[in-house]
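Here's the structure we're looking at; comments come further down.
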Amino acid sequence: MSKTSRTSITMPSTAKKGTIIEIRAIAQHDMESGFRYTESGKSIPRDIIRTFTCLYNDVEVFKADFYSGIGANPLIIFTTIATESGTLQFKWLGDDDYEAVNQARITVS
Amino acid sequence: MIMRRLIKRASPSHKNVLSKKIHLQLAAVSCSLLLAASNTIATPDGISNKKQSSYEIMSAENKAMQDDPTLNPAMFWVSEGESVWQTKSGTKNIACSGCHSNIKKSMRGVATQYPKMMKGKLQTLEGQINQCRIGAQGSPALAYESKELLSLTALIALQSKGMQITVNENPQNKEELKKGQQWFNERMGQLNLSCAQCHEDRAGLKLGGSLIPQGHPNAYPIYRLEWQTLGSLQRRLRNCMSGVRAQQFEYGSPEMAQLELFLMWRARGMPLEAPGVRP
Amino acid sequence: MNMKFDLPTKMNRRTWIQRIQKLTILTLGAWFSPAFVFAKKEDADEAIQKIASGAKIQDGKVTLIIPPLVENGNLVVLKVSVDSPMTANDYVKTIHVIAEGNPLPNVFTAYLTPRSGAASITTRVRLADSQRVWAIAQMSNGSFWQGSAETFVTLSACTEMV
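What follows is the structure, encoded as structure tokens:
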């Protein structure tokens with residue numbers, strides 16, 4: 000796996016204060032489980048995304064630990080309350096120094 | 000075996016057992032006859048009732064994965080394709096956009112026409128992309144199943160999403176189409192099966208735990224859950240061939256192009272679902 | 000039709016042998032399959048115990064949704080939701096998902112806050128085989144709750160030779 004990859008965030012760009020918004024975050028990553036073997040019988044080492052965090056104006060509002068059981072090109076759908084306008088930052092960290100970031104702005108009225 | 004012996008022992012009358020045996024055999028023969036009869040309905044067109052995309056036999060979750068671009072992993076390849084489309088390449092230092100400018104206009108409907116005869120040669124979409132790269136850009140050809148070729152194929156196929164497949168028989172492709180049909184109907188491999196035996200005669204029945212689809216190429220390139228990545232029709236066809244333990248056709252070979260041509264002709268009129276998701 | 004049974008004395012030896020055959024097959028079957036399954040289930044139980052650190056896990060509040068029949072175990076949509084007001088005083092702190100039949104039982108752990116609004120997570124997981132999947136939620140008051148779902152995973156008919 001390369002050190003970084005494409006990611007995609009889907010969430011509303013505007014919301015009323017106090018409402019719950021749904022965020023979809025997906026990263027392009029093979030999530031090599033570590034349980035597969037090459038044709039010659041050699042074990043393919045684990046190479047997965049380990050953590051995903053979401054910061055809302057620099058405050059951590061959500062975090063997830065991923066293990067080998069998460070499917071390739073991992074998707075996570077979670078919720079958060081639209082408290083104020085600002086920027087949501089998303090970070091994926093994984094094996095072999097993998098790091099990917101993305102962000103989205105939200106206007107809360 | 001054991002049951003029959005138990006029945007024989009329990010019932011004192013041998014005549015009853017004999018008639019029971021004949022009943023069982025008659026039942027078995029009539030069942031297989033019925034099955035055979037229902038399997039052999041084949042119109043000259045090739046497909047018995049109506050054309051069915053394997054989208055219809057997928058689970059609701061997988062259908063949603065295909066339909067929603069925010070859930071479809073294939074969209075990553077489309078994004079990559081957008082980038083490659085704009086990137087200058089080759090000795091002539093020109094990007095795809097250099098000749099084809101606005102992709103939404105220039106590539107609309109293109110993927111529904113391939114494979115087609117171009118300058119007397121049968122060309123697939125991937126073959127045409129490489130033709131452009133070598134001829135117009137002066138770049139080396141892209142390997143089948145490479146990230147770049149898949150990205151461009153996904154991007155171009157997306158421009159025809161929802162449009163009907165328009166591969167029809169014409170005087171130019173008649174010979175190649177006939178060869179493709181022969182490949183489809185010819186038994187191959189150690190299992191000695193033809194494409195038609197499963198996907199024509201037994202479509203709708205089960206193989207293992209899975210439903211046998213009609214096998215239309217109307218969603219390619221697909222994000223196949225089995226591969227955990229995006230892949231081409233040719234990759235899928237090679238899978239089928241290895242499934243029957245046959246010598247796989249080579250990527251980009253004339254046989255592959257002929258088979259692709261036949262399959263697209265067989266699926267004519269069906270809307271293109273690309274980029275699709277399949278189990 | 001005359002379905003009178005023969006006198007026991009005539010059938011004794013044959014039925015006795017047949018009964019032993021059936022018992023042996025049953026025993027062998029029971030010996031093979033549960034042992035194979037229990038090995039992975041033990042790992043799963045251990046993982047769950049580690050999460051709770053000995054505390055009691057109550058059934059309820061946690062709903063785990065996975066399709067009952069899966070076409071391909073490589074990417075299975077999984078949704079877990081926990082019944083909770085998600086206020087500052089009463090919210091779900093963590094949700095753990097454990098797969099009984101996977102080589103590694105832990106699938107993911109989600110850390111929530113009162114700002115989450117709802118305790119509802121959807122992701123896509125790998126399921127190695129037909130199995131039961133567990134979701135364990137730890138509440139802000141330290142209590143543990145669990146829910147589970149069972150699924151059948153079918154495998155591809157034609158395998159790929161790359």
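Residue numbers (numbering that gives the first Met the number 0), protein chains in the order written: chain A, 0 to 108; chain B, 0 to 278; chain C, 0 to 161. Backbone N, C-alpha and C define an ideal beta-carbon position, used for all residues, glycine too. The structure presented is a predicted model; accordingly, all values stated were derived computationally and were not measured.
Unbroken beta strand (DSSP E) run spanning residue i, endpoints
i, result
"residue 69/B", "Segment: none, residue 69/B is in no beta strand (DSSP E) and carries neither H nor E."
"residue 24/A", "19–26"
"residue 109/C", "105–110"
"residue 118/C", "118–124"
Closest residue to residue i among the options (Cα-Cα distance)
i, options, result
"residue 146/B", "181/B, 77/B, 86/B, 219/B", "77/B"
"residue 216/B", "103/B, 264/B, 205/B", "264/B"
"residue 89/B", "61/B, 141/B, 198/B", "141/B"
"residue 182/B", "122/B, 100/B, 127/B, 256/B", "256/B"
"residue 150/C", "143/C, 100/C, 121/C", "100/C"
"residue 134/B", "93/B, 252/B, 241/B", "93/B"
"residue 59/C", "148/C, 112/C, 144/C, 87/C", "144/C"
"residue 83/A", "46/A, 7/A, 12/A", "12/A"
"residue 55/B", "106/B, 149/B, 213/B", "213/B"
"residue 250/B", "243/B, 235/B, 244/B", "235/B"
"residue 52/B", "198/B, 239/B, 91/B", "198/B"
"residue 47/C", "130/C, 105/C, 152/C", "105/C"
"residue 91/B", "131/B, 258/B, 178/B", "131/B"
"residue 325/B", "115/B, 70/B, 101/B", "For chain B, the structure presents residues 0 to 278; residue 325/B sits outside this window and is missing."
"residue 108/C", "57/A, 51/A, 45/A", "51/A"
Per DSSP, cross-strand counterpart(s) of residue i
i, result
"residue 57/C", "144/C"
"residue 88/A", "54/A, 102/A"
"residue 270/B", "163/B"
"residue 133/C", "97/C, 147/C"
"residue 63/C", "79/C"
"residue 59/A", "54/A"
"residue 230/B", "221/B"
Terminal residues of the alpha helix (DSSP H) in which residue i lies
i, result
"residue 182/B", "173–184"
"residue 128/B", "124–131"
"residue 155/B", "146–157"
"residue 105/B", "102–105"
"residue 262/B", "253–265"
"residue 276/B", "Run containing residue 276/B: none in the alpha helix (DSSP H); it sits in the beta strand (DSSP E), 275–277."
Residue-chain proximity (residue i, chain A), Cβ-Cβ < 8 angstroms
i, result
"residue 78/B", "yes"
"residue 40/C", "no"
"residue 62/C", "no"
"residue 87/C", "no"
"residue 14/C", "no"
Interface flag, residue i vs chain B, CB-CB below 8 angstroms
i, result
"residue 11/C", "no"
"residue 23/A", "yes"
"residue 74/A", "yes"
"residue 96/C", "no"
"residue 29/A", "yes"
"residue 9/A", "yes"
"residue 150/C", "no"
C-beta neighbour in chain C for residue i, strict 8 angstroms
i, result
"residue 14/A", "no"
"residue 42/B", "With a pLDDT of 39 at residue 42/B, under the threshold of 50, the modelled position of that residue is not reliable, and the figure given next carries that caveat. No, residue 42/B does not count as interfacial toward chain C."
"residue 125/A", "There is simply no residue 125/A to check, as chain A begins at 0 and stops at 108 in what is shown."
"residue 278/B", "yes"
"residue 52/B", "no"
"residue 150/B", "no"
Short-range partners of chain B found in the segment 95–108 of chain A, where Cβ spacing is below 9 angstroms: For chain B, none of the residues of the segment 95–108 of chain A brings a beta carbon within less than 9 angstroms of one of its beta carbons.
Residues, ordered as in the chain, of the segment 114–135 of chain B that lie near chain C by beta-carbon distance below 8 angstroms: none
Against chain A: residues of the segment 111–129 of chain C by CB proximity under 9 angstroms: The residues in question are 111, 112, 113, 114, 115, 116, 117, 118, 119, 120, 121, 122, 123, 124, 125, 126, 127.
Positions along the segment 203–229 of chain B whose CB lies within less than 7 angstroms of some CB in chain D: Note that chain D does not occur in the displayed structure, where the protein chains are A, B and C.
Residues, ordered as in the chain, of the segment 62–77 of chain B that lie near chain A by beta-carbon distance below 8 angstroms: So the list reads 69, 70, 72, 74, 75, given in the order they occur along the chain.
The segment 64–81 of chain C: positions lying closer than 7 angstroms to chain B by Cβ: 66, 70, 71, 73, 74, 76
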